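> I'd like to ask some things about the structure below.
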Amino acid sequence: MPPTTSKGQRYAPVSGSVPDEDTPYDSADEGTLSGLSDIDDPNEVKLRRVDRSARGPRNASAAYAPASARRKSGDVEAYLDSITDAEQELLSASRQYDLVDDELASDDEELKRGRRERHRRRSLIQAQSGGWRAVRHARYWWRTLVAVIVGLALLVWAFSSFAARRDRNRPVGMPPSDSWFPSPRGGTLDAWADDYRKAQEMVQRMSLVEKINITTGIGWSMGMCVGNTGTAESVGFPSLCLQDGPLGVRFTDRITPFPAGITTGATWNRDLMHARGAAMGAEARIKGINVLLGPSMGPLGMMPAGGRNWESFGSDPVLSGVAAAETIRGIQSNGVMATAKHFVMNEQEHFRRPYEWGISHAVSSNIGERALREVFVWPFAESVRADVASVMCAYQQVNNSHSCENSKLLNGILKDELGFQGFVQSDWGAQRSGVNSALGGLDMSMPGDGLRWADGKPLWGPELTRAALNTSVPMERINDMVTRIVAAWYHLKQDEWEPGQGPNFSSWTNDAEGYIHHGSPGAPETKETGVVNFYFEARGEGEFAHATTARRVAAEGIVLVKNTDQTLPLARGPPTPEAGLRVGVYGDDSGPGMGPNGCPDRGCNQGTLGMGWGSGTVDYPYLVSPLEALEQSWAPGVEMTAYTRNMVMPQDATDKDLCLVFVSADSGEGYISAHGIHGDRNHLFLQKGGDTLINTVAENCGEGAGRTVVVVHSVGPVVVEPWIDLPGVHAVLFAHLPGQESGTALMDVLFGDVDASGRLPYTVGKSLEDYGPGAQVLYEANAPVPQVDFDQGLYIDHRYFDQYNVTPRYEFGYGLSYTSFSLSDLKITPLRSRSALPPARVADPRAAPDYERQPPPADGVLFPEGFSPVPKYIYPYLTSLEGTSPAPYKHYPKNYTVVPPRRSSPSGGGLGGNPTLYDLMATVEVQVANTGARTGQTVIQAYVSFPSGVTEEVWMETEEGSGEQELVTLPVDFPVRVLRNFSKVEVAPGAQQTVSMTLTRKDLSYWSKAQQNWVLPTGTFEIKVGQSSRDLPLGGTL
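Just so you know, the sequence shown maps onto residues 1 to 1038 in UniProt numbering.
Okay, structure coming up:
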């Protein structure tokens, strides 16, 4: 089993040795869910898997029922009544989510069916729960004792909560989130001016309920897509389809599962990043999708074990920013809105959604202003600069304010400082308030439901209609919300789509016909049906086939980290026909397993690993496994034997000349737990006995005379110390998450059809502790509202290794090639004079639209007479006019005002910030020569070290709590070096090429909290150029 944590321990301990291995894979254990299995709860119930069919055998899903109950107190029957809902909650975000609610049952027959099902499950639990009957007979006499225990527990909890609140209010460098009101209006930049003009004209003709309809989703699984807005039929505005995700179109057919973001980042190839985005956008457009929910740049990867790191591009803000911007430009080139997500500090899965963990509020990521801007917001700034149409706010809190109502983040940084002109949508269920989220900068609630998943009880919808009428949310804010959405629709020219060009697929069934409102409860015969899947081919054809792009990305995302004696590339046949070649293929990761779609949302690690799990996944139309590709790759004379399991005997390798070992490490989104992993990885070692497998094979391959090649499919860095220095391990490839073309792309690199040109988008440390105390997932709550302090946020990944002189196994940007390169003739050319501050922010080139401020009349806000609402569908209508009269609102957020209390940020003024931040300050040129025997690619990387001795004056309290301040001079700390630009080039053998890169004002600046601006310090900058963060042979000054 993985390392366990003890009470009060912040993260799982990691030693240099391999932990006890996870239980070898067994299909009966696949996808085991236990969201609270690590909590020492007397009511803990172990869950066992119960297979059930969903959408046919290609997507067999699993229900989970208790296998044993270890209850020491409580009402057993009440618990048994609740287990059905709890079971459904665990797979709530999967396509298989379904709910039968007694209160919403449409007729007596459905109510009886639901009760019979509950009774059947209760009987099953009773039969398997040891000691249950004894507890049942004893229930009456111990209730008093339980009441006493509960009372004492409540007293302890109250005291601890008070202490925790006091502790959270301690004076630290990361105070609670500042406020920024009112929300800036969009439409102030030239690039969007025409779109806002047309949008304002349309919005002025909408009724109030139509405006509300556009801002609120209609509910989970109530439309064809994972997110669907309402319509404004009177003006011809359609329902918008929002669909995952970051590596392709989720929940549909005839599409391409592209390599994951982490694989794309490992290519370091701007052209491929753009091409992948363009292909994703083209497929979304053909499927009738308005908003594609990607790319992801949050999480950035501060925590290497973070569950969703694989969806993003790597653990560096510059690399991630470039990849995000290129992806966005590609997606939107096809008229589909891209979504930059998750804004911001969404770095771990534990405690991100409170109801998954039984806590009142989501975890708070606490971060200072400078690290926030220079690291975590940086790729979002690049996304806004790339003209992204939508930004998704995240689940967790930032500085103890929920991301989707954090006015400092959404109003102050995103909309004012970065000049974002599009709309902010919530992550699914991330909205935690009604009025406050509207005032805080949220523009669209997704999927429309309220505080619990698919509860059909919206925080907006009719409640926002009521808030508009009673003036608790100003009409000006509502008009801006709607206009931002409509302007984005115009900006991507979606008004030019032919009528009826909405979604032509259903997220909820593969059948041609299905329910129009799948998630609505009711007897099947009472639900509306129709043709929901039209099976449009979206994958491109011939030379434009998207599989070709996917294969190139997957191949260039493979990183060769070890290649002893030039073991790679492999020859396809034996040295001589007479000699023969005996090849062994080892590991569950080599083969097809039980099929690529064997687990809902890829929520298990079985067969070859092509993507992580969660909402960012795609259904495979096919997946080429390495084993299948190998079978088609060998020349005559090769005898290949496959051992598609992770437990092998030494004799399985002793008679082989070449041993290929496939291992993996998986993770994903927190609503699924698999193999004891609750989203975030428990450690950085290989999973499913991978370390043991490598040791066994490498030590015995050819009785010590064979060659062993290790292929790692992983969601991020893995600790390789248990086996990397074994003499038998000759070559190691980090193949990441390659998508559908896994095997074909691997063969391209393995046999040398293309160069090994991937470079690590993260650092491979020798242990999890190498990444620093600030990079550890918080596995156990440290307060009633869990707190994670990012006080080392500036020092993410390689920056931490450099700052604290930690020697990595493989550094950031590292990777080997099948040829060699030399660098020479570094030339650094200044382009303009320097000033500490950028030129002052100019006035907005366009005046924001002037909106009606008075609340509209209440005409038409009630359900129309005779209207028959669909159960659980979210409408904007009210059932009564109660609470609609204008009245003072008592619960506004702190410092709320409708009058701007401050000047706009001096660092704003354009898309991505003050346009002068992107003025070119210098060029960096270098000569790159291919000194090897074959054509190859390398990545030239430019790093900047800031001047030493930089100081700034700041006001500080003379004594804590005194209120008196004095001006003091403090040093400004910088990372040892930061990546600022890169270029991937292909060079023929014996040839030389000039590589030119640029540095902007922002590249040479740091964020000053005192100045509230980017400051370019005086002094000498050191510029280093090389092929990784620690291979920097050329240096100069600026």
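Glycine included, every Cβ here is placed at the ideal spot set by N, Cα and C. As the structure is a prediction and not an experimental result, all values here were calculated from the model.
How about residue 304 and residue 779: are their beta carbons less than 7 Å apart?
Cβ atoms of residue 304 and residue 779: not closer than 7 Å.
> At the level of alpha carbons, what is the spacing between residue 545 and residue 539?
Taking the straight line from one Cα to the other gives about 6 Å.
> Just to confirm the assignment, what range does the alpha helix (DSSP H) spanning residue 274 have?
Counting along the chain, the alpha helix (DSSP H) containing residue 274 begins and ends at 270-286.
> Along the chain, where does the alpha helix (DSSP H) containing residue 566 start, and where does it finish?
Neither: residue 566 is in no alpha helix (DSSP H) and is coded neither H nor E.
> Reducing DSSP to helix, strand and coil, say where residue 1013 ends up.
The answer is strand: DSSP assigns residue 1013 an E or B state.
> If you draw a straight line from the alpha carbon of residue 1032 to that of residue 320, how long is it in whole angstroms?
If you take the alpha carbons of residue 1032 and residue 320, they lie about 21 Å apart.
> Smallest Cα separation from residue 1042: which of 1021, 353, 1002?
Since the displayed the chain opens at 1 and closes at 1038, residue 1042 lies outside it and no answer follows.
> Does the beta-carbon distance from residue 435 to residue 467 come in below 7 Å?
Closer than 7 Å, so yes.
> Is DSSP giving residue 872 helix, strand or coil here?
It is coil, neither helix nor strand.
> Using alpha carbons as the reference points, say which of 875, 262, 670 lies closest to residue 557.
Answer by Cα proximity: 262.
> Return the bridge partner residues of residue 707 from the DSSP annotation.
Paired residue(s): 658.
> Helix, strand or coil for residue 337 per DSSP?
In the structure shown, residue 337 sits in a strand (DSSP, three-state: E or B).
> Report yes if the CB atom of residue 980 is closer than 7 Å to the CB atom of residue 945, and no otherwise.
It is not a contact, given that the beta carbons lie outside the stated cut-off.
> Look at residue 246 and residue 311 and say whether their C-beta atoms are less than 7 Å apart.
For residue 246 and residue 311, yes; Cβs fall inside 7 Å.
> Just to confirm before moving on: does the CB-CB distance between residue 223 and residue 449 stay below 7 Å?
No; because the gap between Cβ atoms is not below 7 Å, this pair is not in contact.
> Sorted by chain position, which residues of the same chain lie with C-beta nearer than 8 Å to residue 215's C-beta, five sequence neighbours on each side aside?
Excluding positions up to five away in sequence, the list reads 229, 443, 444, 445, 460, 464, 478, 481, 482, 485.
> Using the DSSP secondary-structure output, state which residues sit across from residue 942 in a beta bridge.
981, 1025.
> Determine the closest residue to residue 810 out of 830, 836, 725, with distance taken between C-alpha atoms.
Minimum Cα distance to residue 810 is reached at 725.
> Enumerate in chain order the residues of its own chain whose CB-to-CB distance from residue 658 is below 6 Å, with the five nearest sequence positions on each side excluded.
Hits under 6 Å: 583, 707.
> Within 10 angstroms of its Cβ, does residue 298 collect 16 or more other Cβ (buried), or is it exposed?
Buried is the call here.
> Could you give the C-beta distance for residue 985 and residue 925, rounded to a whole number, given that I count them as a contact under 8 Å?
With a Cβ gap of about 12 Å, residue 985 and residue 925 do not count as contacting.
> With DSSP run on the structure shown, which of helix, strand or coil describes residue 701?
Of the three classes helix, strand and coil, the one that applies to residue 701 here is helix, per DSSP.
> Please find out if some non-hydrogen atom of the ligand FMN comes closer than 6 Å to the beta-carbon of residue 876.
No copy of the ligand FMN occurs in the structure displayed, which carries no ligand at all.
> Out of 609, 969, 970, 999, which has the shortest C-alpha to C-alpha gap to residue 982?
Comparing Cα-Cα distances from residue 982 to each of 609, 969, 970, 999, the minimum goes to 999.
> By Cβ distance below 6 Å, which residues in the same chain neighbour residue 950 in space, the five residues on each side in sequence not counted?
These residues qualify, in order along the chain: 972, 1017.
> Taking contact to mean at least 3 C-beta pairs separated by less than 8 Å, is the segment 520-532 in contact with the segment 492-512?
These segments touch.
> With distance defined between alpha-carbon atoms, name the residue in 275, 522, 383, 487 nearest to residue 237.
Looking at the Cα atoms, 487 is the closest of the given residues.
> Okay, do the segment 826-845 and the segment 931-941 touch, 3+ Cβ pairs below 8 Å being the bar?
Touching, no, given that fewer than three Cβ pairs across the two stretches are closer than 8 Å.
> Looking at C-alpha atoms only, which residue of 642, 638, 635, 614 is the closest neighbour of residue 1048?
One cannot answer for residue 1048 here, as it falls past the ends of the chain, which runs 1 to 1038.
> Which stretch, first to last residue, makes up the alpha helix (DSSP H) that contains residue 202?
193-204 is the span of the alpha helix (DSSP H), which, as asked, contains residue 202.
> If I follow the unbroken alpha helix (DSSP H) through residue 263, where does it start and stop?
Per DSSP, residue 263 belongs to the alpha helix (DSSP H) from 261-267.
> Measuring only the C-alpha atoms, how far is residue 515 from residue 232?
Distance between the alpha carbons of residue 515 and residue 232: 23 Å.
> Taking 8 Å as the limit between beta carbons, can you name the residues of its chain near residue 92, skipping five residues before and five after?
Because residue 92 sits at a pLDDT of 41, beneath the cut-off of 50, its placement in the model cannot be relied upon, and the following sentence gives the value as read from the coordinates. Same-chain partners within the cutoff: 453, 454, 671.
> Could you tell me if residue 199 is buried or exposed, where buried requires 16 or more neighbouring beta carbons within 10 angstroms of its beta carbon?
Answer is buried; the Cβ neighbour count reaches 16.
> Mind listing, in chain order, the continuous beta strand (DSSP E) runs of no fewer than 3 residues lying wholly within the segment 371-423?
Those beta strand (DSSP E) runs which fall completely within the segment 371-423 and span 3+ residues are 390-393.
> Chain B beta carbons: is any one of them nearer than 7 Å to that of residue 613?
Included in the structure is just one protein chain, with no chain B present.
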